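Residue numbers (this note's numbering): 12 to 255.
Just so it is clear, CB atoms sit at the ideal spot from N, CA and C, and this is done for glycine as well.
Note that the structure is a prediction, hence the values are computed from the model and not measured.
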């Protein structure tokens, strides 16, 4: 009887270890979500060209990331565009799933692109540049906003690197996110310790670096978009409001 109990305990332990080892990042552990609204300075070539807003909020059973960018100062003369992105997702057991992605120009109140996720059918319906297409879904799809959830999950699991399916320009491509250690960054004149992640995306020449607050792992303190031959685009945190 004791041998049978020991065997069952060993089998259960082994099953749990295998589940954690092969579960997609972001699904094995639950990430605490806290609504916030953060504003950022956007620098290009060392010049502050725009103000950006990143917001995480709850709407009924859904959660939503949204970002809006507006040119500032004299740069308003060169463009009236106001890029807006919205990513909706819902909680599932031990994780979440994307529901919809919307990309628009707020200045013209015009939708430019949308992606709707049907996890029951395993299909993704994309509308981009006036053309509709359907893609087959796999588990664990991310985009440029939900990537913050993945970074937080990697921190919980102490995972150094992972490769995922990533939504970009109406397609699902492979992307790799790597934890590169901690680094002090300046936020409003103060030195703040940050967890740093680097992302590369298939079919893209750029690399993105994310600096997250150690105490608030969903809050980017700084985001850098680096591309060969181009001046880096850098977002730096101005202020943040919690519990909206």
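Open item on the list: Under 8 Å, with one C-beta from each stretch per pair, do the stretch 154 to 161 and the stretch 171 to 182 reach the 3-pair mark?
Closed with: yes
TODO: List the DSSP bridge partners of residue 231.
DONE: 223
Open item on the list: What would DSSP say about residue 130, mapped onto helix, strand or coil?
Closed with: coil
Open item on the list: As a quick exercise: from 207, 67 and 141, pick the residue whose alpha carbon is nearest that of residue 252.
Closed with: 67
Open item on the list: From the DSSP secondary-structure annotation, give me the bridge partner or partners of residue 106.
Closed with: According to DSSP, residue 106 bridges with 103.
- [ ] Would you identify the three-state DSSP class for residue 73, choosing helix, strand or coil?
- [x] In the three-state reduction of the DSSP assignment, residue 73 falls in the strand class.
- [ ] May I ask which residues mark the beginning and end of the beta strand (DSSP E) holding residue 188?
- [x] Taken as a continuous stretch (DSSP letters only), the beta strand (DSSP E) holding residue 188 covers 182 to 198.
Open item on the list: I'd like to know whether the C-beta atoms of residue 201 and residue 189 end up nearer to each other than 9 Å.
Closed with: no
Task: Reduced DSSP secondary structure (H/G/I, E/B, other) of residue 44 - done: coil
Task: residue 199 versus residue 249: straight-line alpha-carbon distance, rounded - done: 7 Å
Task: Residue burial classification, residue 233 (beta-carbon count within 10 angstroms, cutoff 16) - done: buried
Open item on the list: Quick check on the burial criterion: 16 or more other C-beta atoms within 10 angstroms. Buried or exposed for residue 131?
Closed with: exposed
Open item on the list: Considering Cα atoms alone, identify which of 206, 121 and 137 is closest to residue 163.
Closed with: 206
Open item on the list: So, does the stretch 51 to 61 touch the stretch 71 to 87, judging by three or more C-beta pairs under 8 Å?
Closed with: yes
TODO: Indicate the three-state DSSP secondary structure (helix, strand or coil) for residue 155 in the structure shown.
DONE: coil
Open item on the list: Quick check: the Cα distance between residue 258 and residue 185, rounded to an integer number of angstroms?
Closed with: What is shown of the chain runs 12 to 255, which leaves residue 258 out entirely.
Open item on the list: Using the three-state DSSP reduction, which class does residue 145 fall into: helix, strand or coil?
Closed with: For residue 145, the three-state secondary structure derived from DSSP is strand.
- [ ] Using a threshold of 9 Å, state whether the C-beta atoms of residue 137 and residue 149 are closer than that.
- [x] no
Task: Per-residue burial, residue 103 [other beta carbons within 10 Å of its own, 16 or more giving buried] - done: exposed
TODO: Check residue 67 in the structure and name its three-state DSSP category.
DONE: strand
Open item on the list: Tell me which residues share the same chain as residue 240 and place their Cβ nearer than 8 Å to its Cβ, disregarding the 5 neighbours each side in the sequence.
Closed with: none
TODO: Can you tell me which of the three DSSP states residue 169 falls into?
DONE: coil
- [ ] Please state if the CB of residue 74 and the CB of residue 113 are separated by a distance shorter than 9 Å.
- [x] no
Task: Same chain, Cβ closer than 6 Å to residue 80, neighbours up to 5 away in sequence not counted - done: 61, 63 and 94
Task: Reduced DSSP category for residue 121 - H, G, I as helix; E, B as strand; rest coil - done: strand
TODO: Please say whether residue 110 and residue 118 have beta carbons closer to each other than 9 Å?
DONE: no
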